[in-house]
Amino acid sequence: MEISFPVFIETSINIILFAMLVATAFAITRIDRLFAVVMLSGVFSMLSALLFVTLDAVDVAITEAAVGAGVSTVLMLSTIALTERSEQKSHRPELIPLLVCFVTGAALIYGTLDFPNFGDPSAPAHAHVGGDYLVRSIKEIDVPNVVTSILASYRGFDTLGEVAVVFTAGIGVLMLISGLGRRRSDEDAALVEETIENQGIEEDA
Amino acid sequence: MHYHHLILRVITKLLVGTIMLFAFYVQFHGDFSPGGGFQAGVIMAAAFILYGIVFGLYAVQVVFPPWLVHKVMALGVLIYAGVGVYSMMLGYAFLDYNAFDPGHPSHGQHNGILVIEFGVGVTVTGVMIAIYYAFAGRFPQISDEDW
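Heads up: the protein sequence lines correspond to chains A and B, in order.
Be aware that the first sequence starts at 478, since it is given in the numbering used here, and climbs by one per residue.
Be aware that the second sequence starts at 481, since it is given in the numbering used here, and climbs by one per residue.
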């Protein structure tokens, strides 16, 4: 079978990227120094971003590069700064986790057997509203990037929900670890102490 | 602390502005090229976080104080929901951008998308910076030898 040059190049790029992804994952499991592990997880995100680019999902690639390789690496570094610098050796047997990983991986691969082929026009994802959006978007929204017109207009209510989720997550983190709540409880504690002192004075009197 | 890492500090000063400019490009050019509010928000936050990493948490909190970050987080959601409420007040459905230019609906769509994407960007910037402040604020100064 004759393979055209572009297909050959794209396949090679995919194979190289996946090989580097697997190598990074192995390195992450083997290294004890958490600083290196965090840096490698940033590399892992960057490689996945490149894979998204080869799949023409550029929006997702930008998100993965900015969130996965950028911000979450910084957050994990901050977490390491608060805790330990290197991984503690586990004394439990490693066979059961390995088995669980293999079974889960096998189940996932078995699941992909039912997937439609890549770019299959009769795939369920393209069969329902997808084509409709592509046809109507230019006429109704007149925005070249159909991803934007779907996210922001056709599914604007969804996106509002997503923004609310991001906002709620931010509030949650603030409540848990920023110390905004602690300041309040310090004030409460001071109030309690003051009350106790006042009562003590009254009792003395 | 402030007298070493000369190269990092110079490069950071050069990069922060460029990253912000790129964030604005991703934000406002999202209709025409890949990108949008979520991506732009994270990139904008990355500029502040980079500044915070290199110059210290206090320096970046002078530029963008935590109380303002908390207000900004909520402001984005309000902008987004406000667009929906405004379209309802004009007699259309919630978040129906045709309301903003009934004679030329696609212009209305453009304006609506621009404003709600800006709301998304504002909230995501605020949340990302707030989470960074929350983590970094626990242990603001780390000496290089610690690593």
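Every residue, glycine too, gets a C-beta built ideally from N, C-alpha and C.
Residues of the segment 513 to 545 of chain A with a Cβ closer than 7 Å to any Cβ of chain B, in chain order: Val-535, Asp-536, Ile-539, Thr-540, Ala-543 and Val-544. Within the segment 483 to 499 of chain B, contact with chain A at the beta-carbon level (separation under 8 Å) is assigned to no residue. Apart from sequence neighbours up to five positions away, the residues of its chain that approach Gly-588 of chain B with a beta-carbon distance below 8 Å are Tyr-577, Asn-578, Ala-579, Phe-580, Asp-581 and Pro-582, ordered along the chain. Chain order gives the chain A residues near Gln-589 of chain B as Glu-617, Ile-618, Asp-619, Val-620, Ser-626 and Ser-630, where near means a beta carbon separation below 8 Å. As computed with DSSP, Ser-563 of chain A is found in a beta bridge with A:Arg-510. Interface criterion not met: the Cβ of Phe-508 of chain B is under 9 Å from no Cβ in chain A.
At least one beta carbon of chain A lies nearer than 9 Å to the beta carbon of Leu-575 of chain B. Flagged as an interface residue toward chain A: Met-608 of chain B, by a C-beta distance shorter than 9 Å. For Gln-541 of chain B, no CB of chain A lies under 9 Å from its own CB, so it is not counted at the interface with that chain. In this structure Gly-517 of chain B is buried. Its beta-carbon is surrounded by 16 or more other beta-carbon atoms within 10 angstroms. Legend: CB atoms of the segment 551 to 583 of chain B lying less than 8 Å from CB atoms of chain A belong to residues Met-553, Ala-554, Gly-556, Val-557, Tyr-560, Ala-561, Gly-564, Phe-574, Leu-575 and Tyr-577. Below the 8 Å Cβ cutoff, chain B contributes Ala-614, Phe-615 and Arg-618 as neighbours of Ile-654 of chain A, in chain order. In the three-state reduction of the DSSP assignment, Ile-499 of chain B falls in the helix class, which pools H, G and I.
Tyr-572 of chain B carries a coil assignment under DSSP once its states are collapsed to helix, strand and coil. Look at Val-640 of chain A: its C-beta is under 9 Å from a C-beta on chain B. What Phe-518 of chain B touches in chain A, judged by beta-carbon distance under 7 Å, is Thr-540, going in chain order.
Of the candidates A:Glu-639, A:Glu-541 and A:Gly-596, A:Glu-541 places its Cα closest to the Cα of Leu-528 of chain A.
In this structure, DSSP gives Asn-578 of chain B a helical state, which the three-state scheme calls helix. Boundaries of the alpha helix (DSSP H) around Pro-601 of chain A: 601 to 604. Under the DSSP assignment, Asn-594 of chain A falls outside any alpha helix (DSSP H); it carries neither an H nor an E label.
Here Asp-509 of chain A is exposed: its Cβ has fewer than 16 other Cβ atoms, across all protein chains shown, within 10 Å. Counting along the chain, the unbroken alpha helix (DSSP H) around Asn-591 of chain B starts and ends at 585 to 616. Straight-line spacing of the CA atoms in His-584 of chain B and Asn-591 of chain B works out to 11 Å. Of the candidates B:Val-542, B:Arg-489, B:Gly-536 and B:Gly-521, the residue whose Cα lies closest to the Cα of Phe-598 of chain B is B:Gly-521. Within the segment 564 to 576 of chain A, contact with chain B at the beta-carbon level (separation under 9 Å) is assigned to no residue. Proximity to Gly-510 of chain B across B:Leu-575, B:Ile-593 and B:Ile-611 peaks at B:Ile-593, based on C-alpha coordinates. The C-beta of Thr-589 of chain A comes no closer than 9 Å to any C-beta of chain B.
With contacts defined by Cβ atoms closer than 9 Å, Ala-503 of chain B and Leu-651 of chain A do not form a contacting pair.
Against Thr-550 of chain A, chain B offers no close residue; the least beta-carbon distance is about 10 Å (beta-carbon pairs closer than 8 Å). The count of Cβ pairs closer than 8 Å, one atom from the segment 555 to 565 of chain B and one from the segment 598 to 609 of chain B, reaches three, so the stretches are in contact. Rounded to whole angstroms, the gap between the alpha carbons of Arg-507 of chain A and Lys-566 of chain A is 11 Å. With a beta-carbon spacing of about 6 Å, Ile-499 of chain B and Ile-523 of chain B fall inside the 8 Å limit used to define contacts. Sequence-distant partners of Leu-628 of chain A (beyond 5 residues in either direction) whose C-beta falls short of 6 Å from its own C-beta, in its chain, are Thr-636.
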